[in-house]
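Only one structure is covered here, and it is reproduced in the block below.
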Amino acid sequence: MTARDCVEFAAAMTSPSGIDLQSAATQALSSVDLVSASGMVARKLSGGQQRRLAVAQIIVDSPPVIVLDEPFAGLDPLQRDALVDWIVGAGTRASVVVAMHDVEVVEQMADQLLVLADGEIAYAGRVDALSLDGGISTVPEAIRSLMQQPKVAS
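Each residue of the sequence shown is one higher than the one before, counting from 1 in full-length UniProt numbering.
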């Protein structure tokens, strides 16, 4: 099954009948910069291409909510930056939830943040409301600090 076949199948399963599957697939593949690889067998794509193919399959029917789990794993820095830009753009059309460990890009793409530390909520709120005091000068430093705070015995 080619990359295009995978996206067209996803569109056929989730989109309203009568949709132009080829056009929808091309648009989704273009959004994640995979048009040039659309004829390749999906399992032979690189790890980064497979990640982007998964995103294309998710977005092909323009869902109102998009959930991505570790979308940057296996991507090179240029691919990561392109995906960050795509997520920011998608956030204008849908609610986007991203689970990730890459704190360096949080400020670029999120307005709301939920930080978990040892399975507990360490912070929930706006990114711009994070406390940057006590020698902490960046959002990634603030997130790391929240994750390293010792637990108080209850």
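Cβ atoms here follow ideal geometry from the backbone N, Cα and C, with glycine treated the same way.
Note that the structure is a prediction, hence the values are computed from the model and not measured.
Along the length of the segment 31-106, whole beta strand (DSSP E) runs at least 3 residues long occupy 65-69, 95-99, reported in chain order. Ile143: not part of any beta strand (DSSP E); member of the alpha helix (DSSP H) spanning 139-148, first to last residue. Boundaries of the alpha helix (DSSP H) harbouring Val7: 3-14, taken from the DSSP string.
At least 7 Å separates the beta-carbon of Met13 from that of Ala42. Judged by their CB atoms, Val115 and Leu146 are nearer to each other than the 7 Å cut-off. Taking C-beta atoms under 8 Å as the contact rule, Ile136 and Ala142 qualify, at a distance of about 5 Å. When DSSP reads this structure, Leu29 sits in no beta bridge, so it has no partner. For Ile136, no beta strand (DSSP E) encloses it, and the DSSP letter there is neither H nor E. Here Ile66 is buried: its Cβ has 16 or more other Cβ atoms, across all protein chains shown, within 10 Å. One alpha carbon belongs to Val32, the other to Asp118, and they sit about 33 Å apart. Judged by DSSP in its simplified three-state form, Ala24 adopts helix. The bridge partners DSSP lists for Gln112 are Arg126. Setting aside the 5 residues that flank it on each side, Thr26 is surrounded in the same chain by Val35, each with a C-beta closer than 7 Å to its C-beta; the list follows chain order.
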